[in-house]
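The sequence shown lines up with residues 60 to 400 when you count with my numbering. Don't be surprised by glycine CBs; every beta carbon is placed ideally from N, CA and C. Heads up: the structure comes next, in structure tokens.
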Amino acid sequence: MGEMTSWERVMSAIALQEVDRTPVIPQLTYAAANFMNLGIDECLNDLERQRITLMNAREKGGYDGIYAGWEGSFTLVTNSLGAPMKKYTDKPPSIEEPLIKNKKDLAELLAFDPKSERIQLNMQLIKTLKTETKDIPILSYIPAPFTLGSLLLGVNEFMITLMRDKENILEDLLQYSYETTLSFALAKIEAGIDMITIADPSGSSSMISPKLFGKLSQPLLKELISELKKKGPKIKVGLHICGNTKPILSKMVETGADYLEIDSEIDLTWVQETLDEKVCLIGNISTSDLAMKTSQEIKKQCEALLEKMKPGFILSSGCEVSYATPLENIQVMVESVKEFK
60 MGEMTSWERV MSAIALQEVD RTPVIPQLTY AAANFMNLGI DECLNDLERQ RITLMNAREK
120 GGYDGIYAGW EGSFTLVTNS LGAPMKKYTD KPPSIEEPLI KNKKDLAELL AFDPKSERIQ
180 LNMQLIKTLK TETKDIPILS YIPAPFTLGS LLLGVNEFMI TLMRDKENIL EDLLQYSYET
240 TLSFALAKIE AGIDMITIAD PSGSSSMISP KLFGKLSQPL LKELISELKK KGPKIKVGLH
300 ICGNTKPILS KMVETGADYL EIDSEIDLTW VQETLDEKVC LIGNISTSDL AMKTSQEIKK
360 QCEALLEKMK PGFILSSGCE VSYATPLENI QVMVESVKEF K
């Protein structure tokens with residue numbers, strides 16, 4: 060087999076086909092700032108710095124796809140709706156306090172505006188990266204409706220509401236979140252995104268029961284993924300759920316996602332066997348290990364995965380690569396697949 064481009068390599072892996080070598084796409088944005096001695100906050104509202112840092116990280120790292128984003132997708136959306144945001148030099152921005160406290164607040168929330176300045180910065184980043192790259196997939200996150208709902212109301216209050224919905228707010232909240240997420244995703248499709256990853260950390264079995272996931276989150280994910288594939292038939296749509304997803308793996312596949320990002324606490328080879336190689340898997344080197352361990356230790360972990368995984372696999376981190384991660388530990392991920400026989 061001749062050498063593939065990054066685009067061919069990634070798309071073949073998603074299609075569960077043979078590749079010249081395993082693709083590598085670390086879930087990396089914030090660390091790109093550190094690679095250029097910049098703080099996360101210094102790039103937050105600066106399109107040019109975001110572009111330069113992400114391009115520099117990809118060029119020096121040599122990996123096969125670029126995540127076009129900065130703050131977390133749910134943070135970006137919630138902030139654009141009016142929630143104040145805390146900024147940090149060496150950790151991701153976060154929302155200071157929930158945007159709503161009750162059903163009255165929800166009713167007064169304005170509809171999400173994809174043309175707002177905060178959102179358009181992200182759209183311009185996607186367009187810029189698409190223009191400046193060739194044969195490299197550009198990826199971007201969107202929040203799952205269930206997780207966005209938890210951020211709008213506040214995670215603690217949301218979890219209480221799941222058990223006892225005194226105000227009967229849940230249905231309206233999830234519908235608002237769905238419409239918001241869909242609008243956000245469609246703007247990304249219009250901007251030219253190649254791959255959309257839906258992040259649903261609140262849907263994790265570390266947070267809620269598999270039964271609740273199947274009742275509340277999965278139907279919205281199915282509907283969202285179906286709609287995105289209708290609107291953007293060429294794009295690939297994936298699903299990222301942090302923590303323990305063992306009890307909901309089959310439900311994740313049933314959403315219609317083209318790929319699943321699996322966290323580091325789960326044996327990826329077990330996942331591939333359990334799912335009978337039905338969907339492309341992405342993961343799952345520990346982000347703590349990437350930040351703290353030596354490049355040789357990371358290389359051994361990569362090699363151990365490569366030895367066991369079958370076609371339909373993209374080597375990645377288990378979650379977002381932390382700011383303090385050494386560039387060498389990203390480079391060695393690519394080195395390991397190039398040397399693997």
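Asked: Residues near I300 by beta carbon distance below 6 Å, same chain, minus five either side; Found: D259, G262 and S263
Asked: 6 Å CB neighbourhood of P143 in its chain, flanking five on each side removed; Found: E155
Asked: Cα-Cα separation, L271 to K225; Found: 18 Å
Asked: DSSP-derived helix/strand/coil call for C339; Found: strand
Asked: For K400 and I178, the rounded distance between their alpha carbons; Found: 43 Å
Asked: Minimum Cβ-Cβ distance from K397 to chain D less than 8 Å; Found: Of the protein chains in this structure there is only one, and it is not chain D.
Asked: Neighbourhood of K162 by C-beta, 6 Å cutoff - its chain only, sequence neighbours within 5 removed; Found: E226 and I228
Asked: Under the three-state DSSP convention, the category I84 falls into; Found: coil
Asked: Assigned exposure category for G61 - 16 Cβ within 10 Å defines buried; Found: exposed
Asked: Own chain partners of G121 with C-beta closer than 6 Å, once the 5 adjacent residues on each side are dropped; Found: V393
Asked: Contacting residues, own chain, Cβ-Cβ under 6 Å from P269 (five flanking each side not counted); Found: P306 and I307
Asked: Proximity to K174 [Cα-Cα], best of F217, L207, T148 and F243; Found: F243
Asked: Cβ neighbours of V78 in the same chain (closer than 6 Å, five flanking residues each side left out); Found: R68, S71 and A72
Asked: Beta strand (DSSP E) runs contained entirely in the segment 169-245, provided each spans 3 or more residues; Found: 197-202
Asked: Contacts around S285, its chain only, beta-carbon distance under 8 Å, and the 5 residues preceding and following it disregarded; Found: G315
Asked: Three-pair Cβ contact test at 8 Å for the segment 191-208 versus the segment 127-137; Found: yes
Asked: Presumed contact (8 Å Cβ cut-off) between L327 and L340, rounded CB distance; Found: 6 Å
Asked: For L374, the first and last residue of its enclosing beta strand (DSSP E); Found: F372 to S376
Asked: Three-state secondary structure (DSSP) of M144; Found: strand
Asked: The segment 362-370 contacting the segment 98-105, beta-carbon criterion three pairs below 8 Å; Found: no
Asked: Other residues of its chain near N388: CB distance less than 6 Å, five sequence neighbours each side excluded; Found: L349, S354 and I357
Asked: Spatial distance of P82 from V396 (CA atoms); Found: 8 Å
Asked: Distance CB(Y235)-CB(L283) smaller than 8 Å; Found: no
Asked: Cα-Cα separation, E398 to M63; Found: 16 Å
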